[in-house]
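In the UniProt record's numbering, the protein residues as written are 1 to 558.
Virtual Cβ for every residue (Gly too), placed ideally from N, Cα, C.
Beneath this line is the structure, given in structure tokens, with notes to follow.
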Amino acid sequence: MFIESHINEMYLNSFALQHFRRSFMHLELIQIEREKQSASSLTQWSPFMKNLAIVFDLINILANKIKPCQWPEIFFTESKEILGENLTLTKEVVETAHSHFDRTADDQLIKFMNQNMKLAENAWSHESAIDFIKTLSNESTPDSTKYASFTSLCNIPSVCIQTRVKFFYLFNYFLAKILPRIDFSVPPDISFIADRIRSIRHCILFAVKFEIFSIALDKTANDPDPSNVNFDIVKASAAEKPENTMFYQAYIQLQSTVPWIFRRSANERAWKAKYVGMFSDDQGGPYRDSITRICADICSTRLPLFILCPNGRINIGSNRDRWIPNVFPPNRSIPIDIKSQYRFVGQLMGMAIYTKQYLDVRFPLLLWKQLIYEEVTIEDIEAIDISSFSIINKMEENIRKVKTLNTCNDDDVNNNGDYLFSSIMTELTFDVVSSTGQSYELIPGGFHIPINTANFEDYCMHYRQYRIKEFHRQIEFIRQGLYSVVPWAYMTLFTAHELEEAVCGKGYIDIEMLKRHMRYKNDNVSSPRIQRFWSVFSEMFSEEQRKLFLIFVWGRST
């Protein structure tokens, strides 16, 4: 029955049997681990389970850099057959290379591989990968010129980089064999296997994850006649009320037909834009223009959905152009219409992934991370609010100093600590100032509970918990909308940055790509005026000016 469930699509579509497959697979992994300890061979297992065992051994090595590595012998045996005699790996060279890499270096190496392996987006080519590996130097000295854009790789010996590239290629080779049979349709903490693979999503080459994701996109895409959406751009230009915005006009007219009309093939329009009183015939221009205007509404105060992040409002720190979800009282429900609009934002993201009509929205990393079930950290909050934890960090530091310097008993420490609180923060209570500047209680009655040394740790815990979860509900509704459109299971293999690029594009104008796709009427790329145009566009225009130019001639900047 288990074998049948691996190959029969009817079984794959059964929720009960999907649960059975997950459970059985977990048991097989446990059995493999036991047999490995008794020196039994993996050769008796099916190719799928053998590859799964190899992948899990490699995940354990990647996830536990501190512990001694237990490299699976079968990995090196298989490497000879896959890479060939001249590129085969040995345990010694792999361990040497492994010692040079940390998480940052691995991330940069994967980025380097994605950029330079020349794999088609949806084609996992073994031949292309081998050709790429052969171009890498095996010198024992670093190559700071070749890796100038990857600072963590500049001081690593070239031979170690080549070895690490082989390692990651083999890891992805084995992973690509098992991915189609792993159930990623479950949220975190349900499937041990899915969770372990998601934990190293940053080590999965883009071509590997996109190949399986694009198959799912192709199977679910449909191209019915696009709906007509009437836009009153005069009313939208005034936008005295949220209901007048282009976003809201689209939301009202499309909400009953999504998500299915957003699952369209690449470059297909999801709707036809009719501009009231403008007599426009939408051949693509008004549609692209409407998306640009909708995105401008999303990242604005014209809607109650998003606000400029604190760093942007006080003009300090990084990510000053990022818009965060608006904040709502934590002890009250978010209004139903607002929930629905957040879902519509997520559905627009799904449309962008299908059609590659990218959205010009500027959200922080924490939003993209939550969309793929990745943990939001304190560093993510500080990236959009540099002062978010400054007060409690300073208070914790002062308390530690008092406890370190004080040689008296605990009562004296508490007394000195209370004096510290009374002298620095005389009115500090169990409340928090949100990202909008509003104050909320961290616990019931928190406005009336003063902070002292006895409850300060509890206060810090509640404070950090609030800041990390401040946008959780809002982003959850966005995720519901996104996942209602796209086959989201394999999307959880993408990193936050990859998801952002899938929705928003590269974030900059790719001039070389524009040149490749440019068509000239009664002219050619070699003519003097065309040469002058590209010279001005690439050398004299700022990034913002390039975007404005594209909006003028094409209706979109992404």
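Expected contact under 8 Å - CB spacing of G204 and L175 to nearest Å:
Note on residue identity: the sequence assigns Ile, not Gly, to residue 204. Right, their Cβ atoms sit about 7 Å apart.
Measuring CB atoms only, is the segment 156 to 168 touching the segment 179 to 199, in the sense that at least three cross pairs come out at less than 8 Å?
Not touching, per the Cβ criterion.
At which residues does the alpha helix (DSSP H) containing Y251 begin and terminate?
It spans 246 to 254 - the alpha helix (DSSP H) in which Y251 sits, taken as one unbroken run.
Could you tell me the distance, in whole angstroms, from the CA atom of N222 to the CA atom of N64?
Take the alpha-carbon of N222 and the one of N64: they are about 44 Å apart.
Quick one: what's M324 bridged to in DSSP?
Here residue 324 turns out to be Ile, not Met, going by the sequence shown. In DSSP, I324 forms a bridge with I307.
May I ask you to report which of helix, strand or coil DSSP gives E470?
coil
Just how far apart, CA to CA, sit C295 and F363?
11 Å
Look at Y287 and K272 and say whether their C-beta atoms are less than 8 Å apart.
yes
Straight-line gap, N331 to T355 (C-alpha atoms, nearest Å)
39 Å
Taking the alpha-carbon positions, what's the Q480 to I336 distance?
14 Å
Relative to the C-alpha of F150, which candidate in T90, K111, F171, P187 has its C-alpha closest?
K111
Straight-line gap, V186 to V327 (C-alpha atoms, nearest Å):
29 Å
Taking the alpha carbon of I182 as the point to measure from, which residue in S144, I291, R264, F56 has its own alpha carbon closest?
F56
Measuring CA to CA, which of N86, S144, D232 is closest to M278?
Taking only the C-alpha atoms, the option nearest M278 is D232.
Between C504, Y373, W260, N116, which has its C-alpha nearest F132's C-alpha?
Of the listed residues, the one whose Cα sits closest to F132 is N116.
Going straight from the alpha carbon of K96 to that of L89, what length do you get?
Note on residue identity: the sequence assigns Thr, not Lys, to residue 96. Spanning the two alpha carbons is a distance of roughly 12 Å.
If you run the structure through DSSP and keep just helix, strand and coil, what is residue 576?
Because the chain here runs from 1 to 558, residue 576 falls outside it and cannot be looked at.
Close-in-space but distant-in-sequence residues of the same chain around C299 (CB under 7 Å, 5 per side omitted):
F306, W323, V361, R362
Is it the case that the Cβ atoms of Q347 and I291 are separated by a distance below 8 Å?
In terms of Cβ geometry, Q347 and I291 do not form a close pair [threshold 8 Å].
With DSSP as the reference, label P47 as helix, strand or coil.
helix
For A194 and E374, I'd like the C-alpha separation in whole angstroms.
13 Å
Spatial neighbours of V433 in its chain, beta-carbon cut-off 8 Å, leaving aside the 5 residues before and after
S439
Cβ of P259 within 8 Å of Cβ of G350?
yes
Beta carbon of I307: closer than 7 Å to some heavy atom of the ligand SAM?
Of the ligands one can find in the structure shown there are none, so the ligand SAM has no counterpart to examine.
Mapping DSSP to helix, strand and coil, what is S140?
Looking at S140 - three-state DSSP - the assignment turns out to be coil, as it is neither helix nor strand.
If we count the other Cβ atoms within 10 Å of its Cβ and call it buried at 16 or more, is R293 buried or exposed?
By the 10 Å Cβ count, R293 comes out buried.
Assuming V485 contacts F262 (C-beta within less than 8 Å), just tell me the rounded distance between them.
Cβ atoms of V485 and F262 come within 8 Å of each other, at about 5 Å.
In DSSP terms, what Y440 is bridged to
V432
Under 8 Å between C-beta atoms of L58 and F171
yes
Return the CA-CA distance between E501 and T257, expressed in angstroms with no decimal places.
26 Å
Which residues in the same chain have their Cβ closer than 7 Å to the Cβ of E396, if we skip the five residues on either side of it in sequence?
C460
Note down, in chain order, each residue of its chain lying with its Cβ closer than 6 Å to the Cβ of H100, except the 5 sequence neighbours on either side.
I156, C160
Report the residue from D102, E85, S79 whose alpha carbon sits nearest the alpha carbon of K91.
S79
With 16 as the cutoff for other CB atoms within 10 Å, does S333 come out buried or exposed?
exposed
Identify which residue in R302, K401, D385, R264 has its Cα closest to the Cα of Q249.
R302
If we count Cβ pairs, one from each stretch, closer than 8 Å, do we get three or more for the segment 376 to 393 versus the segment 457 to 473?
yes
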